[in-house]
Amino acid sequence: MKKQTTILFGSLLILAITLVSCNSKPKSSEAEELTKLEAAKGAHERDVHGEGEGEEEGIMLGLNDVYDEERNGTHLLLEYDSEASAFLGTVENVSNETLSRVRVEVHLSNGTELGPTTQDDMKPGEKREIELSVESDDFTTWSTHAEVGDSEHSHEGDGEHSHEGEGEHSHEGEGEHEHQ
């Protein structure tokens, strides 16, 4: 009887070890997947904060602040006009080359994105007036950036900047009022 108990106990021990090792493998795979997702998130955050390949800014401005920055060959000057309920300003090509597909976006603290404006090629020295209307004034901060070329679309088919028409820019031209 003692031999049967020992065999039964040994079998249960082996079964328990097998189950524990099987359960830890998916956790390891989950951990690897989580690590990959965190790395991708970090890369996107670097893009958002202007440290990576993308052009999105992470600087949040107040309602009375003026955005006045040169970046990627553009000079973007933009401010919120509460009376007009719109962001007004200019984007200028300050490089010595023609910039392709220049457009401007504004991100509001309530999660709303305004734009992008119409994508146009800009010759050196060319300046365009920008007006992006705001539907609701329920935001307290905002950020903006000018995009040039395909740099925002480096994650083809995935995420907010895809070419598939399902991402952040799938409604280009909606809600924008640009004057040239």
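Add 3 to a position in the sequence shown, counting from 1, and you land on the number used in the working numbering.
Beta carbons: idealized from backbone N, C-alpha and C, even for Gly.
Per-residue DSSP class, three states only, for Leu-18: helix
Looking only at its own chain, which residues have a Cβ that is under 7 Å from the Cβ of Val-97, when we skip the five neighbours before and after it? Glu-73, Gly-76, Thr-77 and His-78
Just the Cα atoms here: how many angstroms apart are Asp-153 and Gly-118? 16 Å
With DSSP collapsed to three states, give me the class of Lys-126. coil
Work out the CA separation of Leu-135 and Ala-87 for me, nearest whole Å. 10 Å
Which term fits Ile-17, buried or exposed, when burial requires 16 or more other beta carbons within 10 angstroms of its beta carbon? exposed
Coarse secondary structure for Gly-92, derived from DSSP in three states: strand
Counting along the chain, where does the beta strand (DSSP E) carrying Glu-86 start and finish? Where Glu-86 is concerned, there is no enclosing beta strand (DSSP E), given that its DSSP letter is neither H nor E.
Give the secondary structure of Gly-114 by DSSP, where H, G and I count as helix, E and B as strand, and everything else as coil. coil
In whole angstroms, give me the CA-to-CA distance for Phe-142 and Ile-20. 55 Å
Which of the three DSSP states, helix, strand or coil, is assigned to Thr-3? Nothing can be reported for residue 3, as the shown portion of the chain is limited to 4 through 183.
Taking just the CA atoms, how far does Val-94 sit from Ser-103? 13 Å
Compute the Euclidean distance between the alpha carbons of Gln-122 and Val-109, then round it to the nearest angstrom. 15 Å
What does Leu-80 pair with, by DSSP beta-bridge criteria? Asp-71 and Thr-93
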